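Student:
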Amino acid sequence: MSQKWIRSKKWDDEHIPKWAWPLRVLLRAFSSIPQAVFLLSCVALYGVLASIPVGLIALAPTYLFYVLTLLGTVAIASILPMVVTATALRRIGVGAPLRFATVLLSLIVLTMFAVWTWSRTLWPALRYDASTHTGVRFFSAFVEANKAITLRRLPGMEMSELEFYGWWPLRVILGAFVLNMVTATVRRIEFKFVNIGVLTVHTGIVTIGIASIYYQSHKQEGDVLVLAGQPASDGTPVPGPAEDGFYDNTAVALWVNQAGRTEYWEQRRLTGVPRYNDYNIDALGLFDDEGRAAKYDQGRRLDLAVPSSPLDSLGPSRLRFRIIGYASYADLEPRWVPSDSVAPGEKPNPMRDVELISLASDGSAPKSAGSFRFLPLVPAARIDVLDLGGGAGFGVEYTIGMDAVRWADLTAPLPPGTQHSLVVEVPAAGIREVYAVHKGEKISVGPAGYAIEVRDLLPEPPFPIITEGYRGGRSSVAIVRVTPPPTAVDARPFTRYVYHRYPEIGQDLLDDAGAGGTPRPLTRRSADPAIRIAYLDASILQVYFDESPLAPATIPAGDAGGVRAAIRSPGGAVRVVDSVKVGEPMPMGPAFGLRLGAPIPHAMQVEAPVVTREEDREKNKIGTHERAALALQVSTGDGPSAWRTTVWLPFAQYALTTSELWRTVALPDGHVLTLAFGRVRHVLPGFRLQLADFQMTPYPNSESPRDFRSDLLITKSWSGAPERHFTSLNEPLLVRVPFQGRSDVPGFINAVGRLASRIVPNQYKFSQAGWDAEGWSQTRVAADRGELSRPFARFTILGVGNNPGIYVIAAGAVMMCAGIPWAFYIKPLLVRRQKKKIQARLAAEQTHKAGAGERGPGAGSNGQAAHADPSERATVPAGVDP
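Note that our numbering has the sequence shown beginning at 49, numbered continuously upward.
#1: Since Lys-415 and Ile-405 should fall inside the 8 Å C-beta cutoff, what is the C-beta to C-beta distance between them, to a whole number of angstroms?
#2: Just to confirm my understanding: we take Trp-710, look at its own chain, exclude 5 residues before and 5 after, and list those with CB closer than 6 Å. What are they?
#3: Give the single residue among Glu-508, Arg-76, Asp-326 whose Cα lies nearest to the Cα of Arg-675.
#4: Where does Met-160 fall in DSSP's three states?
#5: Starting from His-468 and walking both ways along the beta strand (DSSP E), at which residues does that stretch end?
#6: Could you give the distance in angstroms between the alpha-carbon of Ala-526 and the alpha-carbon of Pro-285?
#7: Of the residues Asp-345, Arg-366, Arg-348, which one's Cα is nearest the Cα of Pro-355?
#8: State the Cα-Cα distance for the pair Ala-307 and Ile-615, rounded to the nearest angstrom.
#9: Spell out whether any CB of chain D is found under 9 Å from the CB atom of Pro-392.
#10: Short check: CB of Ile-553 to CB of Arg-529, under 9 Å?
#11: Cutting at 6 Å between CB atoms, please list the residues of its own chain near Gly-849, excluding the five before and the five after it.
#12: Closer than 8 Å by C-beta to Asp-556: which residues in its own chain qualify, once you throw out the five before and the five after it? Chain order, please.
#13: Have a look at the DSSP bridge pairing and note the partners of Asp-585.
#14: Buried or exposed: which applies to Arg-55, given that a residue is buried once 16 or more other Cβ atoms fall within 10 Å of its Cβ?
#15: Would you tell me roughly how many angstroms separate the C-alpha atoms of Ser-89 and Lys-195, rounded to the nearest one?
#16: Measuring only the C-alpha atoms, how far is Arg-139 from Leu-146?
#17: For the putative contact between Thr-660 and Asp-379, defined by C-beta atoms under 8 Å, what is the C-beta separation to the nearest angstrom?
#18: The alpha helix (DSSP H) spanning His-773 covers which residue range?
#19: Can you tell me the Cα-Cα spacing of Cys-865 and Arg-772, whole angstroms?
#20: Which same chain residues end up closer than 6 Å to Pro-604 when comparing Cβ atoms and leaving out the 5 residues on each side of it in sequence?
#21: Taking the alpha-carbon positions, what's the Glu-595 to Val-611 distance?
#22: Would you please state the rounded distance, in angstroms, between the beta carbons of Pro-392 and Ala-740? I believe it to be under 8 Å.
#23: Give me the Cβ distance between Ala-679 and Trp-696, rounded to the nearest whole Å; I'm assuming they're in contact under 8 Å.
#24: When we look at the beta-carbon of Gln-653 and count the other beta-carbons within 10 Å, is it buried (16 or more) or exposed?
#25: Between which two residues does the beta strand (DSSP E) carrying Phe-422 extend?
#26: At the level of alpha carbons, what is the spacing between Asp-330 and Tyr-263?
#27: Taking the alpha helix (DSSP H) that Val-856 falls in, what are its first and last residues?
#28: With a cut-off of 8 Å on the beta carbons, I'd call Asp-585 and Ser-524 a contact; round off their distance for me.
#29: Nearest to Pro-716 by CA position, among Ala-136, Ser-683, Ala-900, is which residue?
#30: Go through the region 788-849 residue by residue and report every complete run of the beta strand (DSSP E) that reaches 3 residues or more, in order.
#31: To the nearest angstrom, how far is it from the Cα of Pro-129 to the Cα of Tyr-114?
#32: Would you say Trp-303 and Glu-314 are within 9 Å of each other, going by their C-beta atoms?
#33: Between Gly-252, Gly-293, Trp-69, which has its C-alpha nearest Gly-867's C-alpha?
#34: How many Å lie between Pro-386 and Phe-420 at the Cα?
#35: Under a Cβ-count criterion, where at least 16 other Cβ atoms within 10 Å of its own Cβ denotes burial, should Thr-745 be classed as buried or exposed?
#36: Taking 6 Å as the limit between beta carbons, can you name the residues of its chain near Ser-765, skipping five residues before and five after?
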């Protein structure tokens, strides 16, 4: 305990009144070295929590229990007998050496026996087996669920690593540690030259602590997409548009554009948005039951308010935004949902539900096994095919107002065992025939003279259907080769694609030769009306519903409602149901059937998340929002009459440049909102940059990139003229922003700001983070062919970051490095040197005193009294360790 600390406590007792005892306790607590050690340990523990999965941390009580059982066994089987043995030997008078040897030997033997007994008896029962869930493991479900999840990824935390280390608890701990260090240094250590080493070390620690808090508060990281200009005619790159900002790596925002009220984008910073877990996946209420939604989000709900804006005023009401759902890793897919109103100028889009039911053999009520949802007026959405694997399954189609010709085709009788058939009609000859066919079959159409060869029968088209309205539709297809008779108006042979579900989009491909036998490209045309071919696929169970266009808008339960059905079993047999009643089971087989739901007058298309399986997720995209989406509720007004709608927004990495990720919402007053979920955009302080050129340097004799270089034009507001700089993988670009004084503040404030800018400079580092690999590859091929003078890239991605207070942190580290050698090496030398001087002076005084005694008491060398000052002889300089 130093003399200064004793004086400090004495000062506390003398000057701090008794009623202010909390101040005394607080002052002494922050003067305590153990508290500084505790706070520093908290910083280390904080780092542990950031990197070690909580599942492993939760195993600590289990392993502590294992150790306690082992120690208990050792205590019972070895320590207790050892104590009894030692007591008995002492009573019978055994000497200490022999008693010690006996006790030690017995302790070793009994301990080994206790450990062996524990491992053979208790440990097999205690050891936890994850496959059988036997043994002892506290919080086993929590441990298993979080064995690879750190604290910051748990629901309720949801932080990136940068956010976790910038969180306020760590700042509070660091701040308390700095205050502790300052208080303890001032109240415990003498401010003397000999202590300059430890004072320098403490000053360095305090400097690093304060600078770290500043660094965490002002640190920014992100990237910027810099576009190249339109290249010149010879392929030479030209500077692209200027970029004056960058997107944050961590913070996210809702981007809002209110067309008709403002033409610019508003950026509304969001807080509390999750990262790693799903919340309210069924925000649109599309799941059949809560269980399916809880499979993904485990019942977690979300309700986050979005910051308001003056532009949210809509007359007497206000526009409000709330985040009510989040999908951490999902794709948005279109879904059709019922709608209560039809937009002006829009036609009703009816929707029909058909439920798949299981039929019980005991006659009990049917149970739902799923449902189909159809849009009869949207060709691609009027069919659904359930694939059961192994070629089994069945298809369902629902139409409104099917033409009589197709209904006749679908209900035509087929020979038993027929899997595929063609209905061939030649109107001019009055011929209509149904043929059972297989691949390779050749058909001669009677007196009409047409010859048909079945080239292929496919369950799916060989290429996707791209006809508008039919895009994405599924249908089996027959590919047939048709040879018209010589007397036909157009006798050229052609190949026709005949779609089972969509006969109206069948096409003919002509492959005739040109003049002189020169091959000509395939000519595509609409199906020749001279011969009509329909394909009937009877390889699986097919169900066709057709509703009369004159049926009422809503069909009461039990009414026929003008709905008929044709059911064709595999093998050709067909059954027709003239009146299908809503809610009444329609058996398809001995164990299942279909049930028609009440009609829905109008439907609208929305997007809903489809969660990606854990094993299919890319590790580097987890927790970055890159594959995330959030559910945004938009509302106006209050109370029961309030208008509201919900839209899922996909994450836009570069919100203002990726219009395909924007979503629109039509408001009741006719205005249209354009919305985007993206990152916060920071404005660069006083400068902007353009991409002037880009170069990729490959390895020798390879196309693998060795280095990337972006040539940039940087226009600074403080200098004016553009400056050319470059950044590459191995050489980042550092832009230092000088302090710019303001004329509306006192000169002293500008002077302080200028000094602060020297100590903590405002600077940004730009590094190469991404590039247009596809564009470079394409233009390189063009350059190799001589079409371009050189390859070029359409964009580059630059990583952006600042290092606030990094020089101050470095200065603190330098102080520590300088102070530690002084404290450990120079100070001991100074102390020993001073100690020797004191000892020499005391020895001289003793010699002088002895000589004075020989000459007589009280006489010095000059006859004067020789009195040594006792305090001078005994005092060791404060701060010196004798």
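Glycine is no exception: its CB is placed at the ideal position from the N, C-alpha and C atoms.
Remember, predicted model here, so these are calculated numbers, not experimental data.
Tutor: By the coordinates alone:
#1: 6 Å
#2: Excluding residues within five positions, the ones whose Cβ falls inside 6 Å are Thr-722, Ala-724.
#3: Asp-326
#4: helix
#5: 468-474
#6: 51 Å
#7: Arg-366
#8: About 51 Å.
#9: Going by chain labels, chain D is absent from the structure shown, which holds only one protein chain.
#10: no
#11: Around Gly-849, the same chain offers Glu-269, Lys-813 as residues with beta carbons nearer than 6 Å, after the five sequence neighbours per side are excluded.
#12: Val-530, Phe-542, Thr-543, Arg-544, Arg-572, Arg-573, Ser-574, Ala-575, Asp-576
#13: BP columns for Asp-585 point to His-468.
#14: Arg-55 comes out exposed.
#15: If you take the alpha carbons of Ser-89 and Lys-195, they lie about 24 Å apart.
#16: 13 Å
#17: 7 Å
#18: Taken as a continuous stretch (DSSP letters only), His-773 belongs to no alpha helix (DSSP H), being part of the beta strand (DSSP E) at 771-776.
#19: 39 Å
#20: Because the pLDDT of Pro-604 is 45, which lies under 50, any placement of that residue in the model is unreliable, and the number read from its coordinates should be weighed accordingly. Result list for Pro-604: empty, nothing under 6 Å.
#21: When rounded, the distance between both Cα atoms is 4 Å.
#22: Wrong, their Cβ atoms sit about 50 Å apart, outside the cutoff.
#23: Trp-696 and Ala-679 do touch by the CB rule: their CB atoms are close to 5 Å apart, below 8 Å.
#24: Exposed, by the Cβ-count rule.
#25: 415-422
#26: When the Cα atoms are used, Asp-330 and Tyr-263 turn out to be separated by approximately 40 Å.
#27: 854-869
#28: Rounded, the Cβ-Cβ distance is 4 Å, consistent with contact.
#29: Ser-683
#30: 810-819
#31: 22 Å
#32: yes
#33: Gly-252
#34: Take the alpha-carbon of Pro-386 and the one of Phe-420: they are about 14 Å apart.
#35: exposed
#36: Gly-734
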